Amino acid sequence: MSASSVAQLAIYSVLVCPALYLTLCHHRWGLLGWGYLLAFCILRITGGGLSIHSSGSGAKIISSVGISPMLLALDGILHEARVYRNRNLDKRLEYAFMAFVHVVVATGVAMVGTGAGGLAGEHPKASDQTNLDVGMALLEACWAILTIWALWTLKDCSEKTIPGVMEGEMLLHGVLLATVFVGIRVLYGLIAESTQKQNLNPVAGSLAIRTVLGLLPELITTLILVFVGFRTRHIGRYNRRVVQTGET
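Using full-length UniProt numbering, the first residue of the sequence shown is number 1, and each one after it goes up by one.
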């Protein structure tokens with residue numbers, strides 16, 4: 001039994017409740033972002049439970065792909081922030097970008113899952129490591145794209161006196177801060193999976209490394225998003241006003 005796995009299970013069993021609450025509070029434009037944060041918490045509960053009883057392929061695969069819902073949560077919350085900060089968004093560009101991020105993340109997850117499963121099997125192939133490396137690189141690239149998109153969003157903003165704009169600003173700043181810690185976690189995953197060093201193993205490696213580079217960045221990211229989510233939980237009241245302005 002791993003202490004970090006027990007801590008992960010206990011922590012996310014608590015955080016899943018506010019994540020569910022925020023998913024319900026943020027309504028239409030926040031549904032994807034906060035829904036994925038909820039999925040991340042559930043996946044971490046599942047991964048923690050598996051790791052307590054076994055450090056086999058199932059726990060390792062979940063650990064490897066577990067950051068993907070967080071990337072999608074950042075994408076969704078960033079979209080929500082953009083909707084409320086800028087009432088003149090290009091619909092096609094906005095949805096095209098979100099679709100692109102989903103495709104990149106889904107492709108990365110599929111390749112990581114295939115590679116990790118193959119390496120954990122009885123007859124691993126060289127292509128399994130390649131799939132794993134490329135999949136993790138795609139997740140790293142997705143993080144970089146989201147960070148650039150969030151920074152680009154800073155330049156466009158409606159008048160702060162318009163209802164919802166200040167909340168959108170707070171969501172954006174939360175996403176920007178969260179990307180720092182997600183970047184640490186994704187980079188750790190990329191290095192761990194590429195080198196396959198035992199002490200870097202996200203399930204059975206060094207407890208200090210797993211805690212500092214794995215558990216803590218994910219936890220801090222979740223707490224940042226939950227904090228800004230609660231601060232903006234009444235943003236749903238502006239949905240009707242935003243619709244009246246023609247935004248999506």
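All C-beta atoms in this analysis are idealised placements derived from N, C-alpha and C, irrespective of residue type, glycine included. The structure presented is a predicted model; accordingly, all values stated were derived computationally and were not measured.
Its Cα nearest to that of tryptophan 143, the residue Leu176 stands out among Gly117, Met170, Val165, Leu176. Scanning the region 116-190 for uninterrupted beta strand (DSSP E) segments of 3 residues or longer gives nothing; none is fully contained. The closest CA to that of valine 65, considering only Leu22, Ala110, Leu24, is found on Ala110.
Looking at Val83, His26, Thr211, Val105, the one whose alpha-carbon comes closest to that of valine 165 is Val83. Taking all protein chains in view, the Cβ of alanine 10 is surrounded by fewer than 16 other Cβ atoms within 10 Å, so the residue is classified as exposed. A residue is called buried once 16 or more other Cβ atoms fall within 10 Å of its Cβ, and arginine 44 is buried on that count.
The C-beta separation of histidine 79 from glycine 33 comes to about 7 Å, placing the pair in contact by the 8 Å criterion. Apart from sequence neighbours up to five positions away, the residues of its chain that approach leucine 151 with a beta-carbon distance below 8 Å are Leu176, ordered along the chain. The region 179-195 makes no contact with the region 96-107; the number of CB pairs closer than 8 Å stays below 3.
For asparagine 199, the three-state secondary structure derived from DSSP is helix. Separation of isoleucine 77 and leucine 171 (C-alpha to C-alpha, rounded to the nearest whole angstrom) is 7 Å.
Contact check for threonine 221 against phenylalanine 181 passes: the beta carbons are separated by less than 8 Å. Using a Cβ distance threshold of 8 Å, leucine 215 and serine 4 count as a contacting pair.
Annotation for proline 124: Gly118 place their beta carbon closer than 6 Å to its own, counting only its chain and skipping 5 residues before and after.
The DSSP-derived three-state label of histidine 27 is helix. With 16 or more other Cβ atoms inside 10 Å of its own Cβ, cysteine 41 counts as buried. Short of 7 Å from the beta carbon of asparagine 201, and not among the five residues preceding or following it, lie these beta carbons of its own chain, in chain order: Ala192. Shown here, threonine 232 sits in coil according to DSSP, grouped into three states, outside any helix or strand. Apart from the 5 residues on each side of it in sequence, proline 18 sits with its Cβ closer than 6 Å to the Cβ of Val226 in its chain, given in chain order.
DSSP places arginine 210 within a helical segment (H, G or I) once states are collapsed to three.
In this structure, the straight-line span from the alpha carbon of asparagine 199 to that of alanine 208 is close to 10 Å.
Note on geometry: alpha-carbon atoms of cysteine 25 and tyrosine 95 lie some 22 Å from one another. Here arginine 233 is near leucine 22, since their CB atoms are less than 8 Å apart.
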